[in-house]
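The structure appears below as structure tokens.
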Amino acid sequence: MLTDPELPFWPIASISAFCRREDVLFLSDSTWYKYAKFLGVNRPKSNSRRKKTKKGIRATAPNQKWHADVSVFKIYNVKHYIYLVADNFSRRILSWKVSDKLIASIRVQTIREAYQNASLMESELNVDLIVDGGSENNNSVMDDFIEDSKINIHKLVALRDIHFSNSLVEAHFSLIKYNYMYRMKINSLSDLI
């Protein structure tokens, strides 16, 4: 039955159930697996039709690539915004703010803070900042900050300038919310902070 050309892609558990149902052979699944291994019968494996996922963006050292995003957290149907800047290499949160407003000045503040802290450890920074297409990231305030200040940051918009999403920082939000925030009683902005 294990080498039957009529059943090439059946799992061993299915062959076992078929044999019991048809009164061919009464063996448990574990016995089938044991004898398949003992007899050296290798069942052919089907080729997966699922495309292999590409490796995402990977930095080779800290402060090469940063990810920035904003997430919404509601308290009694009032929206509050959590701003994060995370390092790609270390996965560390470099800067964060919580506000009841979604504005560019807070986004710029978090990036400036992350850059100042990183420049204490490295004299020359050359950072690729990966953001999504949100209005807090793509506006004149943000563009002026990057162009006018003496910082070496290159803004890249996910899925527009690069072929990858901003999933690293979104994973941070998922962990923070589901493993901590949703389990706590958060009744105000100060509780959230």
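Residue numbering for the sequence shown follows numbering that gives the first Met the number 0, beginning at 0 and increasing consecutively.
Cβ coordinates follow ideal geometry from the N, Cα and C atoms, glycine included.
CB residue i to CB residue j, shorter than 7 Å?
{"i": "E135", "j": "A103", "result": "yes"}
{"i": "A58", "j": "N87", "result": "yes"}
{"i": "P7", "j": "P43", "result": "yes"}
{"i": "L191", "j": "H79", "result": "yes"}
{"i": "D28", "j": "A12", "result": "yes"}
{"i": "A113", "j": "V84", "result": "yes"}
{"i": "D131", "j": "N165", "result": "yes"}
Residue range of the beta strand (DSSP E) that residue i falls in?
{"i": "W95", "result": "I92 to S98"}
{"i": "D68", "result": "K64 to I74"}
{"i": "V84", "result": "V77 to D86"}
{"i": "D127", "result": "V126 to V130"}
{"i": "K36", "result": "Here K36 belongs to no beta strand (DSSP E); instead the alpha helix (DSSP H) covers D28 to F37."}
{"i": "L155", "result": "I152 to V156"}
Can you tell which of the options has its C-alpha closest to the C-alpha of residue i?
{"i": "M183", "options": "F8, K36, I74 and F25", "result": "I74"}
{"i": "F144", "options": "K50, A12, I110 and P61", "result": "I110"}
{"i": "I81", "options": "K64, R106, A60 and N62", "result": "R106"}
{"i": "S118", "options": "Q63, A16, H162 and D22", "result": "Q63"}
{"i": "I56", "options": "L191, H66, T2 and A113", "result": "H66"}
{"i": "K36", "options": "D142, E112, L1 and F17", "result": "L1"}
{"i": "V126", "options": "I150, M120, V40 and N138", "result": "I150"}
{"i": "N137", "options": "D160, N116 and Q115", "result": "D160"}
{"i": "I129", "options": "D99, Q115, F163 and M120", "result": "F163"}
{"i": "K100", "options": "L188, D3, T30 and E5", "result": "L188"}
{"i": "A16", "options": "W31, K51 and P4", "result": "W31"}
{"i": "D3", "options": "L26, R20 and N41", "result": "N41"}
{"i": "A60", "options": "G133, E121 and D142", "result": "E121"}
Please report the residue range of the alpha helix (DSSP H) in which residue i lies.
{"i": "K176", "result": "S166 to N178"}
{"i": "W144", "result": "Looking at the sequence provided, one finds Phe at residue 144 rather than Trp. Here the alpha helix (DSSP H) through F144 covers S139 to D147."}
{"i": "N116", "result": "A103 to M120"}
{"i": "S13", "result": "I11 to R20"}
{"i": "S189", "result": "L188 to L191"}
Should residue i be counted as a contact of the ligand NAP given a C-beta to heavy atom distance under 6 Å?
{"i": "I81", "result": "In terms of ligand content, the structure shown is empty, and the ligand NAP therefore cannot be addressed."}
Using a Cβ cut-off of 7 Å (strictly closer), state whether residue i contacts chain C.
{"i": "R182", "result": "Considering every chain present, this structure includes no chain C. It has just one protein chain."}
key: Sufficient close CB pairs (3 or more, under 8 Å) joining the region 92 to 107 to the region 150 to 159   = As far as the Cβ criterion goes, the region 92 to 107 does not touch the region 150 to 159, which means the pair count is below three.
ask   = On the three-pair Cβ rule with 8 Å, is the region 65 to 72 touching the region 162 to 169?
value = yes
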